[in-house]
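Below: the structure, in structure tokens.
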Amino acid sequence: MTESKYEELDEETLFLVSQTFKALADPTRIRILHLLFEQELSVSNIATTLELNQSNVSHQLRFLKNLRLVKYRRDGKTVYYSQDDEHVMKILQQSIDHACHH
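What follows is the structure, given as structure tokens:
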């Protein structure tokens with residue numbers, strides 16, 4: 001038998017993984033990430049497309065930005081957001097695909 005070496009996850013890794021899943025556990029954040037999957041959008045474009053108020057979108061984007069799941073760039077007074085973690089986006093897309101093939 002091959003002896004495997006189990007490596008305990010450190011506290012920081014555990015925290016980041018749990019926060020990532022927390023981010024993906026919220027329907028509004030899932031909708032935002034799904035929308036940003038292939039395009040960069042402003043807060044107002046996201047709010048309009050998803051029929052949400054801008055303050056809610058800004059709050060959710062701040063949460064996602066703190067986890068480095070989205071990034072932003074400023075163009076004058078407008079801030080544009082896009083996805084910033086291909087790994088998490090793949091997990092999200094696979095989860096969506098799984099749900100659609102029930």
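Quick note on full-length UniProt numbering: the sequence shown kicks off at 1 and runs consecutively.
C-beta: ideal position from N, C-alpha, C; glycine also.
Check this for me: beta carbons of residue i and residue j, under 8 Å apart or not?
i	j	result
residue 81	residue 38	no
residue 92	residue 24	yes
residue 13	residue 88	no
residue 43	residue 70	no
Taking 8 Å as the limit between beta carbons, can you name the residues of its chain near residue i, skipping five residues before and five after?
i	result
residue 4	none
Could you round the C-beta distance between residue i and residue j to whole angstroms and report it? I think they count as a contact, below 8 Å.
i	j	result
residue 31	residue 63	About 13 Å; that fails the 8 Å criterion.
With distances taken Cα to Cα, identify the nearest neighbour of residue i among the options.
i	options	result
residue 36	90, 101 and 97	90
residue 66	84, 93 and 101	84
residue 95	34, 10 and 7	34
Let me confirm a value: residue i is counted as buried when at least 16 other C-beta atoms fall within 10 Å, else exposed. Which label applies?
i	result
residue 61	buried
residue 46	buried
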